[in-house]
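So the sequences go chain by chain: A and B. The first sequence lines up with residues 19 to 176 when you count with the numbering used here. The second sequence lines up with residues 19 to 176 when you count with the numbering used here. The structure appears below as structure tokens.
Number of protein chains: 2
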Amino acid sequence: MLQKESGGSNKAVSRGYLQGQLVARGVRMTQQRRAILQVMEGARGHLDAASILRIARHDHPDIDRVTVYRTLTLLKRHGLIDELDLLHLGGVGHYYEQRPLQQHLHVACLRCGRVVEIASPLFDKIKGQVERNLAFRVAFARVEIGGYCEKCRPETSG
Amino acid sequence: MLQKESGGSNKAVSRGYLQGQLVARGVRMTQQRRAILQVMEGARGHLDAASILRIARHDHPDIDRVTVYRTLTLLKRHGLIDELDLLHLGGVGHYYEQRPLQQHLHVACLRCGRVVEIASPLFDKIKGQVERNLAFRVAFARVEIGGYCEKCRPETSG
DNA sequence: TTAAGTGCAAATATTTTGCTGTCAC
DNA sequence: GTGACAGCAAAATATTTGCACTTAA
């Protein structure tokens, strides 16, 4: 599983946030959903569907894959999580994270697979530029950068 | 298939560019690869593996899916194409485009599925920022923005 | 000539759907 | 009580692998 560093932004969101959001929107809360939401809120890394299932089963052993996918679809539809592929470093699957208060960039090392998140004011400027130049209403934006971290860069002296 | 507008950046690359690059790197050139490379260079849109296969079969009817996947892997390994998911508007599959001379942003309308590409100097600034702040060597970067275009925006009066 | 590439078949991985029984409200 | 949800099975979709045959250099 790909690791997430720094991050922090979604730690600013209080525990039970996703559950509260769904309840506030009139979505029925089941034991299975609670287990899945807790996994997503407690996640230290970006999780794929299989990892979410595995961890959620600690709480609720009988939970099914299908329920995980359906819950992820639900959360996406409500705009509460983002779906990433993290440059496919980990294969063809997708990764999920709670939509952060402040959008951030994902910077992934192609050699060691570490994923660092950083925020940038330029990111918001780009969004503004798109809105103005294309008369486009930006709902969300995603930046994924691939390269080599200090420890892994091919030419250290470069 | 998702449409690509504007773009233009990869039209600046001469015809046969991919083929030339591979040959220059000592990669064996087969009829099947030639057919696939021509499809990618002539593409007006972002293509997924199935579309590439379908079009390549005009030239070479017996070509197999597997060969398409293997050629895409080859091109990715050489950094000659980029793999995108375009916010999964078209399902779980991936889309491919020849790596452009100037990197651009992909802006996708969540309702009509149209994908517009634009370049932004801020994009390069962000890359510079990442390189400096994280001591990171940026190999490539990808920006995907989702929202609503002028025609599709939910609140027209907003 | 021969190592690399191809096609076919089958496997694997990921996600979705149909249906029946169950549970939150 | 009832409509939304869960689990199971199976299908659908996307991609990869093993192997015998073919071909570019």
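Note that beta-carbon positions come from the ideal geometry of N, C-alpha and C, so glycine has one too.
Along the beta strand (DSSP E) that carries residue i, what are the first and last residues, could you check?
{"i": "Val-110 (chain A)", "result": "No beta strand (DSSP E) contains Val-110 (chain A), which DSSP labels as neither H nor E."}
{"i": "Val-134 (chain A)", "result": "133-136"}
{"i": "Gly-63 (chain A)", "result": "Gly-63 (chain A) -> no beta strand (DSSP E), and no H or E assigned at all."}
{"i": "Gly-44 (chain A)", "result": "Taken as a continuous stretch (DSSP letters only), Gly-44 (chain A) belongs to no beta strand (DSSP E), as it is neither H nor E."}
{"i": "Arg-155 (chain B)", "result": "155-166"}
{"i": "Asp-100 (chain B)", "result": "99-102"}
{"i": "Leu-123 (chain A)", "result": "123-127"}
For my contact list, residue i and residue j are in at a C-beta cut-off of 8 Å; report their separation, rounded to the angstrom.
{"i": "Val-156 (chain B)", "j": "Val-148 (chain B)", "result": "6 Å"}
{"i": "Gln-121 (chain B)", "j": "Ala-159 (chain B)", "result": "6 Å"}
Output, in chain order, the set of chain B residues within a Cβ distance shorter than 8 Å of residue i.
{"i": "Cys-130 (chain A)", "result": "Here the premise fails: no neighbours, minimum Cβ distance about 12 Å."}
{"i": "Tyr-182 (chain A)", "result": "This structure leaves residue 182 (chain A) out entirely; chain A is present only between 19 and 176."}
Rounding to the nearest angstrom, what Cα-Cα distance links residue i and residue j in this structure?
{"i": "Gly-44 (chain B)", "j": "Met-58 (chain B)", "result": "20 Å"}
{"i": "Asn-28 (chain B)", "j": "Lys-94 (chain A)", "result": "The predicted model places Asn-28 (chain B) with a pLDDT of 44, which falls under 50 and marks its position as unreliable; any figure quoted below should be read in that light. Using only the alpha carbons, I get a separation of about 33 Å."}
{"i": "Tyr-87 (chain B)", "j": "Ser-69 (chain B)", "result": "12 Å"}
{"i": "Ala-137 (chain B)", "j": "Arg-51 (chain B)", "result": "30 Å"}
{"i": "Ala-42 (chain A)", "j": "Arg-33 (chain A)", "result": "15 Å"}
{"i": "Arg-171 (chain B)", "j": "Asp-77 (chain A)", "result": "41 Å"}
{"i": "Leu-36 (chain B)", "j": "Arg-46 (chain B)", "result": "13 Å"}
{"i": "Ile-163 (chain B)", "j": "Ala-126 (chain B)", "result": "6 Å"}
{"i": "Gly-38 (chain A)", "j": "Arg-62 (chain B)", "result": "45 Å"}
{"i": "Val-84 (chain B)", "j": "Leu-140 (chain A)", "result": "41 Å"}
{"i": "Glu-168 (chain B)", "j": "Arg-150 (chain A)", "result": "11 Å"}
{"i": "Cys-130 (chain B)", "j": "Val-110 (chain B)", "result": "18 Å"}
{"i": "Leu-71 (chain B)", "j": "Gln-49 (chain B)", "result": "14 Å"}
{"i": "Leu-55 (chain B)", "j": "His-106 (chain A)", "result": "22 Å"}
{"i": "Leu-15 (chain B)", "j": "Ala-53 (chain A)", "result": "Residue 15 (chain B) is absent from the structure shown; chain B starts at 19 and stops at 176."}
{"i": "Pro-79 (chain A)", "j": "Lys-143 (chain A)", "result": "45 Å"}
{"i": "Gly-60 (chain A)", "j": "Gly-60 (chain B)", "result": "47 Å"}
Can residue i and residue j be called in contact, C-beta distance under 8 Å?
{"i": "Ile-81 (chain B)", "j": "Leu-90 (chain B)", "result": "no"}
{"i": "Glu-135 (chain B)", "j": "Leu-152 (chain B)", "result": "no"}
{"i": "Phe-154 (chain B)", "j": "Gly-108 (chain A)", "result": "no"}
{"i": "His-112 (chain A)", "j": "Leu-128 (chain A)", "result": "no"}
{"i": "Val-133 (chain A)", "j": "Leu-104 (chain A)", "result": "yes"}
{"i": "Arg-117 (chain A)", "j": "Gly-146 (chain A)", "result": "no"}
{"i": "Leu-65 (chain B)", "j": "Tyr-114 (chain B)", "result": "yes"}
Chain A partners of residue i, CB-CB under 8 Å?
{"i": "Glu-59 (chain B)", "result": "What Glu-59 (chain B) touches in chain A: nothing, since even the nearest Cβ is about 23 Å away."}
{"i": "Ile-70 (chain B)", "result": "Correct list: empty, because the minimum Cβ distance to chain A is about 17 Å."}
So residue i contacts chain A; which residues on that side make the cut at Cβ distance below 7 Å?
{"i": "Gln-147 (chain B)", "result": "Ser-138 and Leu-140"}
{"i": "Val-134 (chain B)", "result": "Leu-152"}
Could you give the first and the last residue of the continuous alpha helix (DSSP H) run that contains residue i?
{"i": "Ala-53 (chain A)", "result": "49-60"}
{"i": "Glu-149 (chain B)", "result": "139-152"}
{"i": "Asp-77 (chain B)", "result": "67-77"}
{"i": "Leu-90 (chain B)", "result": "83-95"}
Could you name the residues of chain A that residue i contacts, counting a contact when the two beta carbons are closer than 9 Å?
{"i": "Arg-160 (chain B)", "result": "Leu-105, Arg-160, Val-161, Glu-162, Ile-163 and Gly-164"}
{"i": "Glu-101 (chain B)", "result": "Asp-103, Leu-105 and His-106"}
{"i": "Ile-73 (chain B)", "result": "Residues of chain A passing the Cβ test: none, with the nearest at roughly 22 Å."}
Which residues in chain B sit within 9 Å of residue i, going by Cβ to Cβ distance?
{"i": "Arg-171 (chain A)", "result": "Ala-153, Phe-154 and Arg-155"}
{"i": "Ile-54 (chain A)", "result": "Chain B residues near Ile-54 (chain A): none, gap ~20 Å exceeds 9 Å."}
What residues of chain B sit near residue i, judged by a beta carbon separation below 7 Å?
{"i": "Lys-125 (chain A)", "result": "The displayed chain sequence assigns Val, not Lys, to residue 125 (chain A). In chain order: Val-148, Leu-152 and Phe-154."}
{"i": "Ile-81 (chain A)", "result": "Within chain B, no residue comes near Ile-81 (chain A); the closest Cβ sits about 22 Å away, beyond 7 Å."}
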